[in-house]
Structure formats: structure tokens, C-alpha cells
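*Asks:* Going line by line, the protein sequences match chains Y and W. Position 98 of the first sequence, counting from 1, maps to 99 under our numbering, and the rest follow consecutively. Position 52 of the second sequence, counting from 1, maps to 55 under our numbering, and the rest follow consecutively. Glycine included, every Cβ here is placed at the ideal spot set by N, Cα and C. Fair warning: this is a prediction, and the values are worked out from it, not measured in the lab.
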Amino acid sequence: MGATTGGVTSIGGAELLIASLLMLVAGFASYRMKLGMAKDIVVSMVRLFLQLLALGFVLRWVFGNQTWWLVLLILLVMVASATQIASTRVTKAPGGLKPAMFLSLFVTGLTMAFVVTGLIIRVKPWYGARTVIPIAGMILGNSMSAMAVALDRLFADMDSRTDEILALTALGATAREAAQRSIRNSIRAGLIPTLASMAAAGVVFIPGMMTGQILAGADPLEAAKYQIVVLLMVSASTTACNMLAVLLTYRRRFDVEGFFIEAGMRDPEEGTRRGLKPWFGKRSNSKASR
Amino acid sequence: MAVEARQEGRTVTIFEGVSLALEAGEIVDLVGPSGSGKTTLLRVLARLHSRTSGTLLLDGVPDGDIGPVAWRLAVALVPQKPVTMPGTVRDNLLLPWTLKAREGQTAPSDGELRELLSFVRLDDVGLARDSSQLSVGQVARVALCRSFLTRPKVLLLDEVDAALDSESASAVAAVVARLALDGTACLRVRHRPPDGLAARRVKLADGALSEEAV
Chain Y
2 MGATTGGVTS
12 IGGAELLIAS
22 LLMLVAGFAS
32 YRMKLGMAKD
42 IVVSMVRLFL
52 QLLALGFVLR
62 WVFGNQTWWL
72 VLLILLVMVA
82 SATQIASTRV
92 TKAPGGLKPA
102 MFLSLFVTGL
112 TMAFVVTGLI
122 IRVKPWYGAR
132 TVIPIAGMIL
142 GNSMSAMAVA
152 LDRLFADMDS
162 RTDEILALTA
172 LGATAREAAQ
182 RSIRNSIRAG
192 LIPTLASMAA
202 AGVVFIPGMM
212 TGQILAGADP
222 LEAAKYQIVV
232 LLMVSASTTA
242 CNMLAVLLTY
252 RRRFDVEGFF
262 IEAGMRDPEE
272 GTRRGLKPWF
282 GKRSNSKASR
Chain W
4 MAVEARQEGR
14 TVTIFEGVSL
24 ALEAGEIVDL
34 VGPSGSGKTT
44 LLRVLARLHS
54 RTSGTLLLDG
64 VPDGDIGPVA
74 WRLAVALVPQ
84 KPVTMPGTVR
94 DNLLLPWTLK
104 AREGQTAPSD
114 GELRELLSFV
124 RLDDVGLARD
134 SSQLSVGQVA
144 RVALCRSFLT
154 RPKVLLLDEV
164 DAALDSESAS
174 AVAAVVARLA
184 LDGTACLRVR
194 HRPPDGLAAR
204 RVKLADGALS
214 EEAV
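Spelled out as C-alpha cells, the structure:
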């Protein structure tokens, strides 16, 4: 991966402390404007430190002890975590979506990751953790966010089209035909952020991975080419993942007889699961690094 | 036939022991207090609602032997809330023929569409008119025509004339009468005063169905 450590300034404890002080700005705003977010700010900061430092240690260890099964195991854990996080972001959805979400991320994410590392970057050995894990991470992170948007949109859109779906079904439409417009809308919604970031890359912002490579001392042109590959693979896998996830799940809102299970027919327990579990933090628009 | 539903965490019986037969070409009105389950009954008949027990028969064939989509081609429900899909009036009227279930069947010609539109007093609405520009009453009639054109064996009308003025309502009734002449059995939920078309009137109240004098 070119020059990886050459130009990096080492960050020590003092530097981390200075950076932490920057968060005092947010803390002061919270205090003065009575945002009531002091606890959230502290918790988020602590998590940031713990999670990323732990990741650093784990990756350092994995890079030193990599075996194919260890890399695959880590990838599985990543897919499982992405499934869990995405499922908490999809509200107003029927239960039992996780297997489909897991499958969509697993199939599309890992296929794309190995296509890129095997055919484009040509990593040796094929499970080279230093490349495979970050690449898979970028793909899964983006697919996860997009899939959550797409599925959330799918079920919200179908709910808003309840009358239309009933009319279509009554005229002889299959579940697929009745859901078609929502399926299309949701895949489109899931793609918009990815396409927007492709269009804005290099003009509005320097993409995260390119920034990292440049900071690490890489040639900007080399970094740009890498970034192009990354953005292309991210949008391709995001599209594939959205399509698979939406097509695997829309039927859960339809009865075996093919009619839409309207809000009034649902189990009242369902849909009470709103918002996120605390461990995954507040709903945010934070994107995985690209 | 029985239908149960879950309301506020309890299982409630909407109706039970309900039995109804419709003859070809017969028009039957279904009345009853609001909330008695008339809409649910129509939806069960079109296999658009689950039921706890009971069998539906179409020309003596039990519903278990007919696929749900094929069933709904024969037993057409026109829902209470009429909707048009994005597109022109023509797109909406021909929508049934864009579905897989009617693949290979010939869609009605523009001439037939215009004739039916003028029959329900929609002469002024061109086939190329965008459906989003239609009034509530016009949407209701376009949605009705869409189902009329499919010539189902059984037509289930859920208060479709609620949004219509009395002139349009009688025009709609005339189309229903015309379909009945061709052998379509028709069950109508209505709140308007009787129009003399129905051979029978049945009342759904307190979870049971009873015959009423016309």
C-alpha cells in the first residue's frame, strides 16, 4: 500500500489530551444552551477512545498473526455487527429482517471486497489482513448505512401506499407488483447518498481514505486512483446490497395470500421498538469513512 | 365464516357463523351499523383479509383450489377509498392489463373506454388527462370503471358512491345493473337510500348476518 508510515507524525498522550480539549467547545455549548447533552458527549468521547484504541491493538495483533480463518472470522463479526446496527436503524419494519440483512451484507460485501483485493489490488496472500479488513470495512460500513435507509424507506413507503397497494392487489396484482413502486423508491433512496458523495468527491471534500493516504505520505495521484476504486466499489456493492435486502424483505409485509398486512392487522407489540439501543448511540448521520 | 382481530392486545371476534350466497346476475345490498365489519366481510370474500375459519366457494370450487390472484381476478373488490395511480386516465383504466395475471389478454379499446366514461358522466374527462388533476368524485368513478372493465364474476363494492352526487351515483348504479345483466353477481355496501336495483338486502350487525326485507 505504498508509503504507509513514512510521513506520519506520531501522536502521543499529550497530543490526545489537546485533541480532547477541543471537545470542551461542545461541552460549553451544551452547558450554555441547556442542550442537556453533557452525558452524551462524555459517553461518545469515551467510546471513541475505547473503540478506536482497541481496534488499533486488535489490528496490530491480527496483522502480526494473520491466518485465513482469523481474517474470515473477523469479517463475519463485522457483518454481524453491521446487521445489528442496521436493524436498529430500521423502524416501522416487521420483525425477522436480520437474516435477510445479514445475507445481503455478507454476499454482496464480501464478494466485492475479495473482487477488489484479489483482482484490482492483487493482495498476496488473498486474505492479507492489512488490505482485506479495511476494504471490507469501507464496503460494509457504507452498505450498512445505505441498507438501513433503503429498508426504512421501503416499509414507510409501503405504509403510505396502503390504499394504492390494496387497490392494486384487488385488481389482481401479485405482492411484487403491488410493492414495485416502493421497492424502486427505496433502492433509489439508498443510493442517493453514495451517488452524491461520488459527485462531490474531490470538489467539496477530500474523501476519507485519500485524506488518510495523503497524511501518511502517499503520492496524491496514487491516492486519487485508490480513492476512485474505493468509491466505485462502494457504490457497486451498495447498490447490490440494497437490491438484495429490499427484494428479500418486502414480502414480510404481505400475507401468504398475497395481500398487504395493513397497520390495523398487525400485532400491536410490533413497531414499539423505536430509536436505538443506547450501546449504538444516538441516531446520527455519521457516515463510515469512504 | 368467522373473523377475529387483535385490538388493544385482546382478540376480538368481528363476526362469526356468517354465511352468504350470491347468484350470478344478482345484486345484493349489505347494510349494517358502522364498525360492524362490512368492509372486513367484503375483504374476506376477495381474499384480502385473513379469516379464522370458513370456506369460500366460487362456482362450487373451494378457495383452496384456486390461487389467490386468480381468485381476485374473478372476485373484484372496489375498495372504500378510491385511488388512481400516477399517469393518465387511460393508464389507470388499462392498469389491470399491465399485470402479470392478465398477460396475453386483450385490453379494451379506447372506444370502449370512452363509452364507459360517458356512461358514468365523465364525458368531459379525456383519456389523456393526468389522473392527479381529477376531483374526488371523478377518481371514484375512474376507479370503478377500472374494475367494471375487467368483467369479474363477482363485484364487491364498498361504499363506492359515497363521494358522488346523486346523479353520478345513479349513473354508477346503471353500470352495475348492466354488469349484472351480463351475469356478474354484485354485493354492495351502501349508505344511500335503496335504489331499487338490489334483489335482496342483508344486514351485518353484532357479528351476525341476517336477511332484511327489501
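List, in chain order, every chain Y residue whose beta-carbon is nearer than 8 angstroms to that of W/R117.
*Replies:* Under the 8 angstroms cutoff, chain Y gives no residues; its nearest Cβ is about 21 angstroms from W/R117.
*Asks:* Exposed or buried, which one is Y/Q214 when buried takes at least 16 other CB atoms within 10 Å?
*Replies:* Buried is the call here.
*Asks:* Runs of 4 residues minimum, wholly inside the segment 80 to 147 of chain W: which ones carry the alpha helix (DSSP H) assignment?
*Replies:* Segments of the alpha helix (DSSP H) lying fully in the segment 80 to 147 of chain W: 92 to 97 and 113 to 122.
*Asks:* Go ahead and label Y/K278 buried or exposed: buried means 16 or more other beta carbons lie within 10 angstroms of its beta carbon, across all protein chains shown.
*Replies:* Note that Y/K278 scores a pLDDT of 39, beneath 50, so its modelled location is shaky; the value from the coordinates is reported in the next line. Exposed, since its Cβ has fewer than 16 Cβ neighbours within 10 Å.
*Asks:* Which of the three DSSP states, helix, strand or coil, is assigned to Y/I86?
*Replies:* In this structure, Y/I86 counts as helix in the three-state DSSP scheme.
*Asks:* What alpha helix (DSSP H) runs, 4 residues minimum, are completely inside the segment 187 to 240 of chain Y?
*Replies:* Taking only runs of at least 4 residues, the alpha helix (DSSP H) segments lying wholly in the segment 187 to 240 of chain Y are 209 to 216.
*Asks:* Within this structure, are the beta carbons of Y/R154 and Y/S187 separated by less than 8 angstroms?
*Replies:* Yes, Cβ-Cβ distance for Y/R154 and Y/S187 is below 8 angstroms.
*Asks:* Can you find a C-beta in chain Y that's less than 8 angstroms from the C-beta of W/K84?
*Replies:* Interface residue, yes.
*Asks:* Is the shortest distance between the beta-carbon of Y/F255 and the beta-carbons of chain W less than 8 angstroms?
*Replies:* Not an interface residue.
*Asks:* Kindly give me the distance between the Cβ atoms of Y/S236 and Y/T195, rounded to whole angstroms, as I take these residues to be in contact under 8 angstroms.
*Replies:* 5 angstroms between Cβ atoms; contact.
*Asks:* Is the distance from the Cβ of Y/V108 to the Cβ of Y/L245 below 8 angstroms?
*Replies:* Cβ atoms of Y/V108 and Y/L245: closer than 8 angstroms.
*Asks:* For Y/A174 and chain W, any beta-carbon pair shorter than 8 angstroms?
*Replies:* Yes, Y/A174 lies at the interface with chain W (some Cβ there is under 8 angstroms from its Cβ).
*Asks:* How do the segment 245 to 260 of chain Y and the segment 45 to 65 of chain W stand: do at least 3 beta-carbon pairs fall below 8 angstroms, yes or no?
*Replies:* Because the criterion of three Cβ pairs below 8 angstroms is met, the segment 245 to 260 of chain Y and the segment 45 to 65 of chain W touch.
*Asks:* DSSP state of W/I17, grouped into three classes?
*Replies:* Note: W/I17 maps to strand in three-state DSSP.
*Asks:* What are the boundary residues of the alpha helix (DSSP H) that W/R181 is part of?
*Replies:* Here the alpha helix (DSSP H) through W/R181 covers S169 to L184.
*Asks:* For Y/L248, would you say it is in contact with chain W, using Cβ-to-Cβ distances shorter than 8 angstroms as the test?
*Replies:* It does not; no Cβ of chain W falls within 8 angstroms.
*Asks:* Compare the C-beta of Y/A180 against all C-beta atoms of chain W and say whether one is closer than 8 angstroms.
*Replies:* With 8 angstroms as the cut-off, Y/A180 does not count as an interface residue toward chain W.
*Asks:* In terms of alpha-carbon separation, which member of Y/R33, Y/A30, Y/E263 and Y/L18 lies closest to Y/D158?
*Replies:* Among Y/R33, Y/A30, Y/E263 and Y/L18, the Cα nearest to that of Y/D158 is on Y/E263.
*Asks:* Between Y/R274 and chain W, is any beta-carbon pair separated by less than 8 angstroms?
*Replies:* Its pLDDT being 43, under 50, Y/R274 is placed unreliably in this model, and the value from its coordinates should be taken loosely. No, its Cβ sits nowhere closer than 8 angstroms to a Cβ of chain W.
*Asks:* If you draw a straight line from the C-alpha of Y/V204 to the C-alpha of Y/L77, how long is it?
*Replies:* Looking at the two C-alpha atoms, the distance is approximately 35 angstroms.
*Asks:* Return the first residue and the last residue of the alpha helix (DSSP H) that Y/D153 is part of.
*Replies:* A130 to S161 is the extent of the alpha helix (DSSP H) around Y/D153.
*Asks:* Please report the distance separating the alpha-carbon of Y/P1 from that of Y/N243.
*Replies:* Since the displayed chain Y opens at 2 and closes at 291, residue 1 of chain Y lies outside it and no answer follows.
*Asks:* Is the beta carbon of W/C148 sitting closer than 8 angstroms to the one on W/L119?
*Replies:* Going by C-beta atoms, W/C148 is nearer than 8 angstroms to W/L119.
*Asks:* Y/G259 touches chain W at which residues, Cβ-Cβ below 7 angstroms?
*Replies:* Per Cβ cutoff of 7 angstroms: P71 and V72.
*Asks:* Closest to Y/L18 by CA distance: which of Y/V47, Y/A39 and Y/M34 is it?
*Replies:* Of Y/V47, Y/A39 and Y/M34, the residue nearest in Cα terms is Y/V47.
*Asks:* Could you compute how far the alpha carbon of Y/R254 sits from the alpha carbon of Y/A179?
*Replies:* Rounded to whole angstroms, Y/R254 to Y/A179 spans 11 angstroms at the Cα level.
*Asks:* Does DSSP put W/V47 in a helix, in a strand, or in coil?
*Replies:* Helix, per DSSP.
*Asks:* For W/S138, which of W/T87, W/A79 and W/H194 has the nearest alpha-carbon?
*Replies:* That would be W/T87, whose Cα lies nearest to the Cα of W/S138.
*Asks:* Residues of the segment 144 to 160 of chain W with a CB closer than 9 angstroms to any CB of chain Y: list them in chain order, please.
*Replies:* Within the segment 144 to 160 of chain W, the residues whose Cβ lies closer than 9 angstroms to some Cβ of chain Y are A146, R149, S150, T153 and L159, listed in chain order.
*Asks:* Let me see if you follow: with CB-CB separation under 8 angstroms, is Y/L158 close to chain W or not?
*Replies:* A small correction: the amino acid at residue 158 of chain Y is Asp; Leu does not occupy that position in the sequence shown. So no, Y/D158 is outside the interface.
*Asks:* Near Y/I136, what residues of its chain come up, given a Cβ to Cβ distance below 6 angstroms and the 5 sequence neighbours on each side ignored?
*Replies:* Hits under 6 angstroms: A114, V117 and T118.
*Asks:* Please report how far the alpha carbon of W/R132 lies from the alpha carbon of W/E115, in whole angstroms.
*Replies:* Each residue's alpha carbon lies about 17 angstroms from the other.
*Asks:* Please state the DSSP three-state secondary structure of Y/A15.
*Replies:* Y/A15: helix per DSSP, three-state reduction.
*Asks:* Taking only the alpha-carbon atoms, compute the straight-line gap between Y/A289 and W/A5 and give it to the nearest angstrom.
*Replies:* Confidence in Y/A289 is poor, its pLDDT being 41 and thus under 50, which makes the residue's placement unreliable; the coordinate value appears in the next sentence. Using only the alpha carbons, I get a separation of about 52 angstroms.
*Asks:* May I have the straight-line CA-CA distance separating Y/Q67 from Y/R61, to the nearest angstrom?
*Replies:* The alpha-carbon atoms of Y/Q67 and Y/R61 are separated by roughly 10 angstroms.
*Asks:* Along chain W, which residues have their Cβ under 8 angstroms away from the Cβ of Y/T170?
*Replies:* Near Y/T170 (Cβ distances below 8 angstroms), the residues of chain W are L51 and R75.
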